[in-house]
Structure formats: C-alpha cells, structure tokens
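Novice: Residue numbers (the numbering used here): 1 to 143. Ideal placement from N, C-alpha and C gives every residue a C-beta, glycine not left out.
1. Taking one C-beta from the segment 29 to 42 and one from the segment 111 to 119 each time, how about it: are there three or more such pairs within less than 8 angstroms?
2. Taking the alpha-carbon positions, what's the residue 65 to residue 115 distance?
3. Out of curiosity, what's the CA-to-CA distance linking residue 56 and residue 102?
4. At what residues does the beta strand (DSSP E) containing residue 117 begin and finish?
5. Pick helix, strand or coil for residue 51, following the three-state DSSP scheme.
6. Go ahead and label residue 75 buried or exposed: buried means 16 or more other beta carbons lie within 10 angstroms of its beta carbon, across all protein chains shown.
7. Rounded to whole angstroms, what's the CA-CA distance from residue 133 to residue 16? Just pull it up for me.
8. Quick one: Cα of residue 52 to Cα of residue 62, how far?
9. Is it right to say residue 130 is buried, meaning 16 or more other beta carbons lie within 10 angstroms of its own, or is it exposed?
10. Kindly indicate which three-state DSSP category residue 82 falls into: helix, strand or coil?
11. What separation, rounded to the nearest whole angstrom, lies between the Cα atoms of residue 9 and residue 78?
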C-alpha cells in the first residue's frame with residue numbers, strides 16, 4: 001500500500017497536474033455532442049448555444065436570440081446548418097458570434113488520459129486492501 005501511495009504521489013500526481021493545466025488552456029474549446037447542445041437552450045438563465053457547420057456558437061448575449069429563440073422560428077440548442085439555407089441573412093451573422101466549442105459525434109468524445117486511469121486503478125486497489133485488512137483483523141479478533 002505504501003508503494004502504490006508513493007507512485008501515485010510522486011509519479012502520477014505530477015502528470016495529472018500537467019494534464020489539468022493543459023486542459024485549462026483548451027477549456028474554451030469544449031466538445032459538445034448534439035445531446036449536450038440541447039441543454040444550452042437559452043431558457044431559465046441557461047446559455048444559448050447554436051451549432052453551425054460543426055462549430056458551436058454562443059448566442060446568449062445577442063438581442064435577436066432572446067429567451068433562446070430567434071424571431072420565434074429557430075431555437076437555441078440545435079444545429080442550424082440546414083436552417084441557415086432558408087434564412088434571409090448569410091452565415092456572417094452566426095460567424096460573428098463568439099465560438100464556444102465544436103460539435104462531435106456521440107461516441108467521439110475524448111477518452112480519459114492514461115495517468116487518470118492508472119490513478120483510479122491504484123486508488124481502488126488500495127481501497128480493496130484496506131477493506132481486506134480490516135476484515136482480517138476483525139475476523140482475527142472475533143475468534
């Protein structure tokens with residue numbers, strides 16, 4: 001148990017900190033699935049995000065997207081790539097909004113890094129050891 005704790009503290013911990021710092025840099029470029037996007041509908045104080053050509057745009061501060069609806073025709077939280085073809089304006093209106101992330105397929109989200117997986121394996125291994133040792137001590141004292 002002491003050796004796994006040392007490995008986690010001195011090897012895996014610093015790697016995780018580096019990964020977290022790198023994630024902070026790319027935090028603005030978040031990946032959304034279409035299901036994630038539906039929760040950003042602009043209602044009840046939630047942000048209003050729309051997708052266009054694989055990118056997510058933030059329409060929260062736009063006066064034309066009040067309460068998550070654009071001229072009562074388009075709703076926030078949806079992919080508007082096909083809907084823009086019939087719009088009276090061009091794509092420059094959407095492209096002028098701040099970019100919030102990218103749209104990915106449902107199974108395409110980024111996997112957890114290897115140090116995180118190893119950390120969980122070692123943590124649960126230590127937990128099993130603690131329970132086994134406690135059980136053995138309790139059993140030993142009971143007899």
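Specialist: Quick look at the numbers:
1. no
2. 42 angstroms
3. 5 angstroms
4. Note, residue 117: premise wrong, no beta strand (DSSP E); alpha helix (DSSP H) at 114 to 142.
5. strand
6. buried
7. 29 angstroms
8. 16 angstroms
9. exposed
10. coil
11. 44 angstroms
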